[in-house]
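*Asks:* Below is the structure I would like to discuss, written out as structure tokens.
Residue numbers (the numbering used here): 1095 to 1456.
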């Protein structure tokens, strides 16, 4: 009897060890934290990757990975992850917009809302590590081999009373695309809109915006603009967006430069002091927003703005800025829609050109 009990205890301990070893073993396709205390970064090989402060997605970055209040989005290629853009959350209450990256934190009154992760919609307390490896789901019963990595992102309440949270997800059959669902906590002030915006298009020097019947070039749209602020023209309605064969609405933005030009950097003192803006990925990438054909209403618009100079904080001194090589580019790039809980958007980073990408959706 004692021998049997001893064998049972040993077998039980070995099972626990094996389960723990499994939890530490890297996934074949997924990029996931090893455990709850690891850095907060999730993604898929040969595709999209995201992280939250203080974790940066790109190797060699400072630990903070850039400003607080932003979701970092990158792309994995040949074993390297490159930062491509930031996603900000912008709730609107009573006609007034608030920005997650500059809204003061309730913790220290410094710029940027604190964000943290969870595996389910149940709200949890702030935690600086990953807190969850993310849930692996099987979203399509017709294709059980398809996996989906799902992570909930929580954040502090905004000054205007808005208290949104997100579910971010990546499907294994769409590795270049980040799904975004927007929700609100029960105590949130009513939001008229809660946009998720890609805030750093000028890093990739996005200048060609592909719509239904035309391609808009930022150098033409913002011709003659040379100030340090954002510049903005009109937004584009749903009817002006490119419509896929399945009814989805898509907007694609890409650089008008080839890779050699895009990855080059002026060899001048003012630029060499600001090499953080140099395009570092080892390939040229396009970016897009997509909206399900059955999941939008008449309020949907595509909004872009532009910059002629790289962002340099809140400085009003023009000498603190450098011109974007090649001319003005699109900066913020987003779909806006009247808020309803569970609304869904898709943000993508693809190695395809805009024409190649849109051809696949015909």
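Cβ atoms here follow ideal geometry from the backbone N, Cα and C, with glycine treated the same way. These numbers come from a predicted model, not from an experiment.
May I ask you to list the residues that DSSP assigns as paired with residue 1238?
*Replies:* Residue pairing for residue 1238: DSSP places it in no beta bridge.
*Asks:* Counting Cβ pairs, one atom from each stretch, are 3 or more of them under 8 Å apart for the stretch 1246 to 1254 and the stretch 1195 to 1208?
*Replies:* Result yes; three or more Cβ-Cβ pairs closer than 8 Å.
*Asks:* Out of curiosity, what's the CA-to-CA distance linking residue 1403 and residue 1344?
*Replies:* 27 Å
*Asks:* Considering only C-alpha positions, which residue in the set 1130, 1331, 1273 is nearest to residue 1430?
*Replies:* 1331
*Asks:* Label residue 1297 either buried or exposed according to how many other C-beta atoms from any shown protein chain fall within 10 Å of its C-beta, with 16 as the threshold for buried.
*Replies:* buried
*Asks:* 9 Å is my cut-off, CB to CB: does residue 1140 come that close to chain B?
*Replies:* Judged by its chain identifiers, the structure shown contains no chain B, having just a single protein chain.
*Asks:* Could you check which residue in 1268, 1444, 1207 has the C-alpha nearest to that of residue 1124?
*Replies:* The shortest C-alpha separation from residue 1124 is found at 1268.
*Asks:* With a cut-off of 8 Å, do at least 3 Cβ pairs link the stretch 1137 to 1157 to the stretch 1169 to 1180?
*Replies:* yes
*Asks:* Give me the Cα-Cα distance between residue 1426 and residue 1437, rounded to the nearest whole angstrom.
*Replies:* 20 Å
*Asks:* Can you list, in chain order, the residues of its chain whose CB lies under 7 Å from that of residue 1312, leaving out five sequence neighbours each side?
*Replies:* 1301, 1400, 1422, 1423, 1424
*Asks:* Measure how close the beta-carbons of residue 1274 and residue 1379 come, nearest whole angstrom, since I'm counting them as under 8 Å.
*Replies:* With 8 Å as the limit, residue 1274 and residue 1379 do not qualify as a contact, their Cβ atoms being about 19 Å apart.
*Asks:* What first and last residue would you give for the beta strand (DSSP E) that runs through residue 1176?
*Replies:* 1174 to 1187
*Asks:* Can you find the residues in the same chain that come closer than 6 Å, C-beta to C-beta, to residue 1373, ignoring five residues on each side of it along the sequence?
*Replies:* 1356, 1357
*Asks:* Pick from 1314, 1389, 1413, 1383: whose alpha carbon is nearest that of residue 1341?
*Replies:* 1389
*Asks:* Starting from residue 1365, follow the alpha helix (DSSP H) in both directions and report where the run begins and ends.
*Replies:* 1363 to 1366
*Asks:* Can you name the residues that DSSP bridges to residue 1250?
*Replies:* In DSSP, residue 1250 forms no bridge with anything.
*Asks:* Checking the sheet assignment: what are the DSSP bridge partners for residue 1258?
*Replies:* 1278
*Asks:* Just to check my reading of the structure: residue 1053 and residue 1418 have Cβ atoms closer than 8 Å, yes? What is that Cβ distance to the nearest angstrom?
*Replies:* Any property of residue 1053 remains undetermined from this structure, which presents the chain solely from 1095 to 1456.
*Asks:* Mind checking whether the beta-carbon of residue 1441 lies closer than 8 Å to any heavy atom of the ligand NAD?
*Replies:* No copy of the ligand NAD occurs in the structure displayed, which carries no ligand at all.
*Asks:* Nearest to residue 1354 by CA position, among 1291, 1377, 1445, is which residue?
*Replies:* 1377
*Asks:* For residue 1164, name the three-state secondary structure that DSSP assigns.
*Replies:* coil
*Asks:* Check whether the stretch 1321 to 1340 touches the stretch 1203 to 1220, taking contact to mean three or more Cβ pairs, one atom from each stretch, closer than 8 Å.
*Replies:* no
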